[in-house]
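Everything in the sequence shown is counted per this note's numbering, starting at 13 for the first residue and increasing by one.
Okay, structure first, notes after.
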Amino acid sequence: MLSEQVKAKIDHELKKYPANQKQSAVMSALRFVQDEKGWIANDDMADVATYLGMAQMAVYEVATFYHMYNLKPMGKHTLTVCTNLSCTLCGALDTVKYIETKLGIGIGEVTADGKYGLREGECMGTCIDAPILAINNKKLCGRLTPEKIDQILAELDQS
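Written as structure tokens, this is what we have:
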């Protein structure tokens, strides 16, 4: 069941669209659920579908199409490394290997303490700063080196 806070945020978002276009708020609704819970379960997708008056499959299609939605718990800090061509040519696979070694997890896994999850992602549109890492889909870090990754992880350890 959607919390009152999530419903209020969705209602605010719905004001941006014509009344007969409620489904236009689906991406925001999913983001609000994820921001609150850290991930989106099938029941959450069903609740969003009901709230927006759309088919559950349509919400599922959106949630599974875009890489920014976590469909399972991914830790307090979800680290998403772009592995598209530009980032790969600039060392993204080395970045992934370094993070995997540093955290002791692989792509799609979460550290035992639940602090970090690691994912690969699609293009984030900042190829000039490749390779790119997104933190919780909120902050982008680019031009990654082992030293910069260590600094990012140290800062996240403090939060």
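Beta carbons are placed, not taken as given, at the ideal position from N, Cα and C, and that holds for glycine.
{"Item": "Inter-residue Cα distance where the pair is Ala124 and Asn32", "Value": "45 angstroms"}
{"Item": "Boundaries (first-last residue) of the beta strand (DSSP E) holding Cys153", "Value": "151-153"}
{"Item": "Helix, strand or coil at Ala53 [DSSP, three-state]", "Value": "coil"}
{"Item": "Cβ-based neighbour list, Val3, same chain, cut-off 8 angstroms, excluding 5 preceding and 5 following", "Value": "A question about residue 3 goes unanswered here, because the residues of the chain that appear run from 13 up to 171."}
{"Item": "Separation of Lys21 from Glu134, as counted between CA atoms", "Value": "27 angstroms"}
{"Item": "Neighbourhood of Lys34 by C-beta distance below 8 angstroms, restricted to the same chain and skipping five residues each side", "Value": "Leu26, Leu64, Gly65, Met66"}
{"Item": "Meets three-Cβ-pair contact criterion under 8 angstroms: the region 35-54 and the region 69-87", "Value": "yes"}
{"Item": "Complete beta strand (DSSP E) runs within the region 76-127 (minimum length 3 residues, chain order)", "Value": "89-94"}
{"Item": "Ile161 vs Leu152 beta-carbon contact at 8 angstroms", "Value": "no"}
{"Item": "Whole-angstrom distance between Leu83 and Gly126, CA atom to CA atom", "Value": "15 angstroms"}
{"Item": "Beta-carbon proximity of Met86 to Val122, cut-off 8 angstroms", "Value": "yes"}
{"Item": "First and last residue of the uninterrupted alpha helix (DSSP H) at Ala142", "Value": "Per DSSP, Ala142 belongs to no alpha helix (DSSP H) and is neither H nor E."}
{"Item": "Under the three-state DSSP convention, the category Leu168 falls into", "Value": "helix"}
{"Item": "Other residues of its chain near Ser36: CB distance less than 7 angstroms, five sequence neighbours each side excluded", "Value": "Tyr29"}
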